[in-house]
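Trainee:
Protein chains: 4
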Amino acid sequence: MAGIPLRKARTIIRKTLEAGHEMGLKPLSVIVLDEGGNVLAFEREDGSSPGRFQIAHGKAYGAVMMGVAGTAQLARAEAQPAFIAAVNAAFGGALVPVPGGILVRDGKGRVLGSVGVTGDTSDNDAAAGRAGIEAAGLVAEI
Amino acid sequence: MAGIPLRKARTIIRKTLEAGHEMGLKPLSVIVLDEGGNVLAFEREDGSSPGRFQIAHGKAYGAVMMGVAGTAQLARAEAQPAFIAAVNAAFGGALVPVPGGILVRDGKGRVLGSVGVTGDTSDNDAAAGRAGIEAAGLVAEI
Amino acid sequence: MAGIPLRKARTIIRKTLEAGHEMGLKPLSVIVLDEGGNVLAFEREDGSSPGRFQIAHGKAYGAVMMGVAGTAQLARAEAQPAFIAAVNAAFGGALVPVPGGILVRDGKGRVLGSVGVTGDTSDNDAAAGRAGIEAAGLVAEI
Amino acid sequence: MAGIPLRKARTIIRKTLEAGHEMGLKPLSVIVLDEGGNVLAFEREDGSSPGRFQIAHGKAYGAVMMGVAGTAQLARAEAQPAFIAAVNAAFGGALVPVPGGILVRDGKGRVLGSVGVTGDTSDNDAAAGRAGIEAAGLVAEI
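Chains as they are written, first to last, in the UniProt record's numbering: chain F, 1 to 142; chain A, 1 to 142; chain W, 1 to 142; chain Z, 1 to 142.
(1) CB A60/W to CB S114/W, shorter than 7 Å?
(2) Excluding five sequence neighbours on each side, which residues of the same chain lie with their C-beta closer than 7 Å to the C-beta of I4/A?
(3) What does DSSP give as the partner residues of I102/A in its beta bridges?
(4) Any Cβ of chain A within less than 7 Å of the Cβ of G47/F?
(5) Based on the DSSP output, what are the partners of F42/F in its beta bridges?
(6) Run down chain Z in chain order and give the residues with a C-beta less than 7 Å from the C-beta of V87/F.
(7) As a quick exercise: from R130/F, E141/F, I142/F, pick the residue whose alpha carbon is nearest that of K15/F.
(8) Please return the same chain residues whose Cβ sits closer than 6 Å to the Cβ of D106/Z, not counting the five positions on each side in sequence.
(9) Step through the CB atoms of chain A and report whether any lies within less than 7 Å of the CB of A63/F.
(10) Classify H57/Z as buried or exposed, calling it buried when 16 or more other Cβ atoms lie within 10 Å of its own Cβ.
(11) Distance, Cα to Cα, A79/W vs A126/Z?
(12) Using DSSP with H/G/I as helix, E/B as strand and the rest coil, what is A140/F?
(13) Please determine, among I142/Z, R7/Z, G24/Z, the residue with the shortest C-alpha to C-alpha distance to residue 144/Z.
(14) When DSSP labels each residue in this structure, what does Q80/W get in the three-state scheme?
(15) Decide if G62/Z is buried, meaning its Cβ has at least 16 other Cβ atoms within 10 Å, or exposed.
(16) Would you call the stretch 79-94 of chain A and the stretch 44-51 of chain F touching, i.e. three or more CB-CB distances under 8 Å?
(17) Under DSSP, the alpha helix (DSSP H) around G20/W begins and ends at which residues?
(18) Between which two residues does the alpha helix (DSSP H) harbouring G132/Z extend?
(19) Could you compute how far the alpha carbon of S29/F sits from the alpha carbon of F53/Z?
(20) If I follow the unbroken alpha helix (DSSP H) through G62/W, where does it start and stop?
(21) Can you round the beta-carbon distance between G101/W and G119/W to whole angstroms, since I take them to be within the 8 Å contact cut?
(22) Below 9 Å between beta carbons is the criterion; list the residues of the stretch 34-46 of chain F that meet it against any residue of chain W, in chain order.
(23) Ignore the nearest five residues each way along the sequence and tell me which others in G109/W's own chain have a CB closer than 8 Å to its CB.
(24) Between A79/Z and chain F, is the shortest Cβ-Cβ distance under 7 Å, so that the two count as touching?
(25) Please determine, among A19/F, L6/F, N38/F, the residue with the shortest C-alpha to C-alpha distance to G132/F.
(26) Going along chain W, which residues have a C-beta under 9 Å from G51/Z?
(27) With DSSP collapsed to three states, give me the class of V87/A.
(28) For a contact defined as C-beta to C-beta under 9 Å, what are the partners of G93/Z on chain F?
(29) In this structure, how does DSSP classify G70/W when only helix, strand and coil are distinguished?
(30) Which value, in whole angstroms, describes the spacing of the CA atoms of A89/F and V96/F?
(31) Can you give the beta carbon distance from V87/F to G70/F, rounded, assuming they're within the 8 Å contact cut?
(32) How would you list, in chain order, the residues of chain A whose beta-carbon sits under 7 Å from the beta-carbon of P99/F?
(33) By Cβ distance, which residues of its chain are closer than 6 Å to N124/F, with the 5 residues on each side in sequence left out?
(34) Under the rule that 16 or more other beta-carbon atoms within 10 Å means buried, what is G67/F, buried or exposed?
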């Protein structure tokens, strides 16, 4: 299998939203990108603010394009803010380097794509996304 | 009811994809935008080329932001190409003014959002999208 | 195998340049993109004008992102110039829809990426690129 | 001799990659720019994240366009972050001012172009790139 089939992308999104409900989170938005950073699927829950696509996209896009998940991006941004700002500009400002940008791997460790979750705190976003990815039988690096 | 709830957006996407299968079309990508032009939901079928999000978005975005469906946009572009080009530039180049950009209305004629479909011919894209919107109990202006 | 390994990308570039020499073409520039439209490898021959990267990239990027090779893009642009102009704007102006943008497929017809060739006439660019792709054991759709 | 001939650019890339293998680094991506900041050659090793072109480019582009190598750019960014941010904006956000952006000089000290390396730590990237440039008989300022 190359990449994430749409069937699995749907499972990731639904199970992430379900995890958010069980955790009592605010309405979430979830995006799934392929291994080249292109959009596969997205859903925004009712009650979300309208700009959630861009934030979910930025979290997921940075993760897959740099091969670095959101938690590690945030650590890098805190240690070397100028570096992350410059990398972001080199990608047209499209990156949102915080938790909730999650690498999706198969069982052999290969990156298949990424997931971006936004709506609650960054750490809660990441926990819900991890639950969704694992429910699809894949491996999450938050 | 204000806007398109996520539940209906999902129905639109699934029924558009089903219509594409029944019509024997190539793999489709379908986006649903809210009445403010912001992304609600998107899916790209397996086998699609990777840039389908941008095209689906451009079709739907032009429809809802101008309040003019794709078929009428194309007619306008053929009659007055400089006008449509200028409007497109004013929107940062985001519009794709062809059939497959569909206005979604409620039974009273109010615009609730728009749908963008891409993957086959523009006319087939529009026909599948209309089927999806009507299956959700809404009114399509292609 | 997913995508085009660097070893094959190098072969494509070298064999395209060799074909250009045998055909007596002007200096060529050749890019190889992966199936998500991201750059794998590029070379610009001595004597080329400095902006050849952008042209090679635009040819290859349009091919892979739309899943349509350069020759078919040009035909579409001649039949429906407003459509291709709008799609191009939706991709930030990055597309160059002419021959020399070549889809790379494996033996089963799956798109693995694309190649962009520039420097001589568009048709000669495409012929040289096809030779390079076939020398790497892959299938070219010009 | 004006600039870096393609033959030397290839040597720089191959020897940088070999140095990375000998040093046990992660997969690297290497770009060579001419003295005008335009792309001459690029390769991305298998296993790299897909966005490495933009980062390699940003490192090399800043070095040659400002005539300041990455290590000195980083020092300047730490001392005067607003200055480097403003310069970066003036170049459309294309600069990545960290080690791994390397000036390439001839024996007389003239700048012939630049090299950008990314994939491991910035300092390891720079060390590998220096090895590649010296293997091509040129002088590296990291």
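Glycine residues also receive a C-beta, built at the ideal position from the N, C-alpha and C atoms. Nothing here was measured: the structure is a model prediction, and the numbers come from that model.
Mentor: Working from what's here:
(1) For A60/W and S114/W, yes; Cβs fall inside 7 Å.
(2) Only V32, D34, L40, V104, L112, G113 meet the Cβ criterion.
(3) Answer is V115/A.
(4) Chain A, which has no Cβ nearer than 7 Å to the Cβ of G47/F, makes this no.
(5) According to DSSP, F42/F bridges with I31/F, F42/A.
(6) Listed along the chain, the chain Z residues whose CB falls inside 7 Å of the CB of V87/F are I55, V96.
(7) The alpha carbon of K15/F has as its nearest neighbour, out of R130/F, E141/F, I142/F, the alpha carbon of R130/F.
(8) These residues qualify, in order along the chain: L112.
(9) Not an interface residue.
(10) Under a 10 Å Cβ-count criterion, H57/Z is classified as buried, with 16 or more other Cβ atoms of the shown protein chains found around its own Cβ.
(11) C-alpha separation (whole angstroms): 50 Å.
(12) DSSP, read as helix, strand or coil, puts A140/F in strand.
(13) Absent from the model: residue 144/Z. The displayed extent of chain Z is 1 to 142, so no value can be given.
(14) Correct three-state label for Q80/W: coil.
(15) Taking all protein chains shown into account, G62/Z has 16 or more neighbouring C-beta atoms within 10 Å of its C-beta and is therefore buried.
(16) Too few Cβ pairs lie closer than 8 Å, so no.
(17) Segment 6-23, the alpha helix (DSSP H) holding G20/W.
(18) That run of the alpha helix (DSSP H) goes 122-135.
(19) Across the structure, S29/F and F53/Z are spaced so that their CA atoms are roughly 29 Å apart.
(20) Membership of G62/W in the alpha helix (DSSP H) is indicated by the continuous run 52-66.
(21) Contact doesn't hold; Cβ gap of about 14 Å is too wide.
(22) Per Cβ criterion, the list reads D34, E35, G36, G37, N38.
(23) Apart from sequence neighbours up to five positions away, the residues of its chain that approach G109/W with a beta-carbon distance below 8 Å are V139, ordered along the chain.
(24) So no, A79/Z is outside the interface.
(25) Taking the Cα of G132/F as reference, the smallest distance to any Cα among A19/F, L6/F, N38/F is reached at A19/F.
(26) What G51/Z touches in chain W: N38.
(27) In this structure, V87/A counts as helix in the three-state DSSP scheme.
(28) Within 9 Å Cβ-Cβ: A86, N88, A89, A90, F91, G92, G93.
(29) Helix.
(30) V96/F has its alpha-carbon roughly 11 Å from the corresponding atom of A89/F.
(31) Actually they do not touch by this definition, with Cβ atoms about 14 Å apart.
(32) Contact note: P99/F does not reach chain A at a C-beta cutoff of 7 Å; the least C-beta distance is about 22 Å.
(33) Same-chain partners within the cutoff: L25.
(34) When all chains shown are included, G67/F counts as buried.
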